[in-house]
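Residue numbers (our numbering): 89 to 157.
To start, the structure under review is shown below, and the notes come after it.
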């Protein structure tokens with residue numbers, strides 16, 4: 089009988105979205121209520137927070153360019 093080991097999981101890719109939380113709000117990120125500038129926020133979460141007026145998106149990961157044919 090051969091023993092196999094489970095492969096280590098990779099951390100999810102950081103999409104590079106940086107946001108600034110607008111006062112007097114706090115957002116729940118990485119297990120804590122946070123204010124100020126946050127990095128590594130998933131793009132869909134950042135967009136949701138922006139629609140609700142809780143954050144301003146500072147830097148967004150550029151979309152992959154479309155392939156030219």
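The beta carbon of each residue, even a glycine, is placed where N, CA and C say it ideally should be.
Quick caveat, the model's predicted, so the values are computed rather than measured.
Taking the Cα of residue 143 as reference, the smallest distance to any Cα among 104, 95, 110 and 106 is reached at 110. Between the alpha carbons of residue 117 and residue 138 lies a distance of about 14 Å. Here residue 123 is exposed, its C-beta having fewer than 16 other C-beta atoms within 10 Å. A straight line joining the alpha-carbon of residue 108 with that of residue 119 spans about 17 Å. Residue nearest to residue 114 within the set 104, 135 and 126 is 126 (criterion: CA-CA distance).
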